[in-house]
Amino acid sequence: MADNTGVIAPTSPHRVEWHGWLDRWEAQQGSYMPDREERFDIIIDAVQALQGDAAHIVDLGAGPGSLARRLLDHMPGARVTAVDMDPVLLAIGRNALGDQGGRLAWLDADLRSEWGAAVEGAVDAAVSTTALHWLQPHALAGLYRHLAMVLSPGGVFVNGDRLSFPEASPLIAAAGREMRGLQETRHPAEPVGDGESWEEWWAAVAQDPGLAAEVAERARRHHDHPDHHHQADLAVHVGALRDAGFAEVETVWQHLTDRVLVAVR
Ligand SMILES: C[S@@+](CC[C@H](N)C(=O)[O-])C[C@H]1O[C@@H](n2cnc3c(N)ncnc32)[C@H](O)[C@@H]1O
Numbered sequence: 001m002a003d004n005t006g007v008i009a010p011t012s013p014h015r016v017e018w019h020g021w022l023d024r025w026e027a028q029q030g031s032y033m034p035d036r037e038e039r040f041d042i043i044i045d046a047v048q049a050l051q052g053d054a055a056h057i058v059d060l061g062a063g064p065g066s067l068a069r070r071l072l073d074h075m076p077g078a079r080v081t082a083v084d085m086d087p088v089l090l091a092i093g094r095n096a097l098g099d100q101g102g103r104l105a106w107l108d109a110d111l112r113s114e115w116g117a118a119v120e121g122a123v124d125a126a127v128s129t130t131a132l133h134w135l136q137p138h139a140l141a142g143l144y145r146h147l148a149m150v151l152s153p154g155g156v157f158v159n160g161d162r163l164s165f166p167e168a169s170p171l172i173a174a175a176g177r178e179m180r181g182l183q184e185t186r187h188p189a190e191p192v193g194d195g196e197s198w199e200e201w202w203a204a205v206a207q208d209p210g211l212a213a214e215v216a217e218r219a220r221r222h223h224d225h226p227d228h229h230h231q232a233d234l235a236v237h238v239g240a241l242r243d244a245g246f247a248e249v250e251t252v253w254q255h256l257t258d259r260v261l262v263a264v265r
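What the sequence shown shows, in the UniProt record's numbering, is residues 1 to 265, in sequence order.
Printed below as a string of structure tokens:
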């Protein structure tokens, strides 16, 4: 149960190393994305350039707050609502980061629902990193329609994720996959921290008795990374944003399929 500071009252006698789990999360995610920090910087710069510092920002699929904490560090006038439905990641974020002096709120909600009803106050910007590829195209279109209603007029959406080349360009898409393989051979990712993989990180979490309740709740929700088939490509994202009423949609940063897409409502 969270109190009004967002911190979970301990229900287990086991001490959990919340900051340790957050650090291991950052290292695990960083091992997959050598450009992760640059991409975070670009997302923050885009929000600042379009909305200034005093914004209320929602972080969609926030996990344990990796982007939320960086936004708050760089934008002293901003506040963030971190939205996710993973009970383990929410518990780590809430307990490691707390509410940052009232600037960080946590919302346990499914992005496929009408989550905006539970967000307090007008929303100037929405951000997301490495999260929306979990949603199938029809769910993504629903999210963007909902987001267009949640965002204030002129509000922005900034999404950093791997968005594959559109189906209409199959030769370029195939070349892109080959180019990624060549890049990874030339510049193999340096292990960060313990160099844990996604699977190793989750297996370790499952061994922590202090996280047993959250791990059980995650299993009850059947919440896990989906397979990589039927993921929305760049054209699906751009089309769904335009259909939802976003007036401008552009890629502002790109490394092969890894992109930062900006949309203005
Ligand atoms: C790879 S993690 C990225 C977390 C964080 N944004 C980061 O960059 O470290 C993907 C996140 O998306 C969240 N997510 C996926 N589908 C979701 C949904 N339908 N509703 C809420 N969160 C979702 C997952 O729970 C997870 O926290």
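Even for Gly, the Cβ is constructed at its ideal location relative to N, Cα and C.
Since we're looking at a predicted model, the values are computed, not measured.
*Using beta-carbon positions only, say whether R259 and L163 come within less than 7 Å of one another.*
Translated into the one-based positions of the sequence shown, residue 259 becomes position 259. Translated into the one-based positions of the sequence shown, residue 163 becomes position 163. Taking 7 Å as the Cβ cut-off, R259 and L163 qualify as a contacting pair.
*CA-to-CA distance, D86 to D3, given in whole angstroms*: Counting from one through the sequence shown, the residue named residue 3 turns up at place 3. Counting from one through the sequence shown, the residue named residue 86 turns up at place 86. Legend: pLDDT at D3 = 43, less than 50; position of this residue unreliable, value from coordinates given subsequently. Cα to Cα, D3 sits roughly 18 Å from D86.
*Can you have a look at G181 and say buried or exposed, based on whether 16 or more other CB atoms are within 10 angstroms of its CB?*
Translated into positions along the sequence shown, residue 181 becomes position 181. Classification of G181: exposed, given that the 10 Å Cβ count is below 16.
*Taking Cβ to Cβ, would you say E63 is nearer than 7 Å to L89?*
Start at 1 with the first residue of the sequence shown, and residue 63 comes out as number 63. Start at 1 with the first residue of the sequence shown, and residue 89 comes out as number 89. Residue 63 is actually Gly in this sequence, not Glu. Going by C-beta atoms, G63 is nearer than 7 Å to L89.
*Using beta-carbon positions only, say whether V150 and V123 come within less than 7 Å of one another.*
Position 150 of the sequence shown, counting from 1, holds the residue named residue 150. Position 123 of the sequence shown, counting from 1, holds the residue named residue 123. A contact, by the Cβ cut-off of 7 Å.
*Three-state secondary structure (DSSP) at D59?*
Position 59 of the sequence shown holds residue 59. Strand, per DSSP.
*Between the beta-carbon of D59 and the beta-carbon of L67, is there less than 7 Å?*
Counted from its first residue, the sequence shown places residue 59 at position 59. Counted from its first residue, the sequence shown places residue 67 at position 67. Yes, the Cβ-Cβ distance between D59 and L67 is below 7 Å.
*Integer Cβ distance of A54 from G20, believed to fall under 8 Å*: Within the sequence shown, numbered from 1, the residue matching residue 54 stands at position 54. Within the sequence shown, numbered from 1, the residue matching residue 20 stands at position 20. Actually they are not in contact, since the Cβ atoms of A54 and G20 sit about 33 Å apart, beyond 8 Å.
*Give a yes or no on whether the C-beta atoms belonging to R39 and G160 are separated by under 7 Å.*
To locate residue 39, count along the sequence shown from 1; it is residue 39. To locate residue 160, count along the sequence shown from 1; it is residue 160. In contact: R39 and G160 (Cβ atoms closer than 7 Å).
*Could you tell me whether the region 35-50 touches the region 105-117, using the rule of 3 or more Cβ pairs below 8 Å?*
no
*To the nearest angstrom, report how far apart A216 and W202 are at their CA atoms.*
Here residue 216 refers to the residue found at position 216 when the sequence shown is read from its first residue. Here residue 202 refers to the residue found at position 202 when the sequence shown is read from its first residue. Taking the straight line joining both Cα atoms gives about 13 Å.
*For ligand 1, any of its heavy atoms closer than 6 Å to the Cβ of W134?*
Your numbering for residue 134 matches position 134 in the sequence shown. Look at W134: its beta carbon is less than 6 Å from one of the heavy atoms in ligand 1.
*Roughly how many angstroms lie between the CA atoms of D208 and L107, to the nearest whole one?*
Taking the first residue of the sequence shown as position 1, residue 208 is located at position 208. Taking the first residue of the sequence shown as position 1, residue 107 is located at position 107. Their Cα atoms are separated by approximately 24 Å.
*Out of E200, A118 and V252, state which residue places its alpha-carbon closest to the alpha-carbon of A46.*
Reading the sequence shown from its first residue, position 46 is the one you call residue 46. The option with the nearest alpha carbon to A46 is V252.
*Determine the direct distance from the alpha carbon of R103 to that of T257, and round the result to whole angstroms.*
Looking up residue 257 in the sequence shown gives position 257. Looking up residue 103 in the sequence shown gives position 103. Near 33 Å, if we compare the C-alpha coordinates of R103 and T257.
*Under three-state DSSP, which class holds A78?*
On the sequence shown, residue 78 is found 78 positions in, with the first residue counted as 1. In this structure, A78 counts as coil in the three-state DSSP scheme.
_Given 6 Å as the limit, tell me if A189 has its C-beta closer than that to any heavy atom belonging to ligand 1._
If you number the sequence shown from 1, residue 189 lands on position 189. A189 Cβ: outside cutoff for every heavy atom of ligand 1.
*Would you list the one or two residues that DSSP bridges to Q254?*
For the purposes of this step, residue 254 is taken as residue 254 along the sequence shown, with counting starting at 1. Its beta-bridge partners are R259.
*Under the DSSP definition of a beta bridge, which residues are partnered with V264?*
Numbered from 1 along the sequence shown, position 264 holds the residue referred to as residue 264. Beta-bridge pairing links V264 to V156 and E248.
*Please name the residue, chosen from E199, R220, A232 and L71, that lies closest to Q28 on a Cα-to-Cα basis.*
For the purposes of this step, residue 28 is identified with residue 28 of the sequence shown, where counting begins at 1. For Q28, the nearest C-alpha among the options comes from E199.
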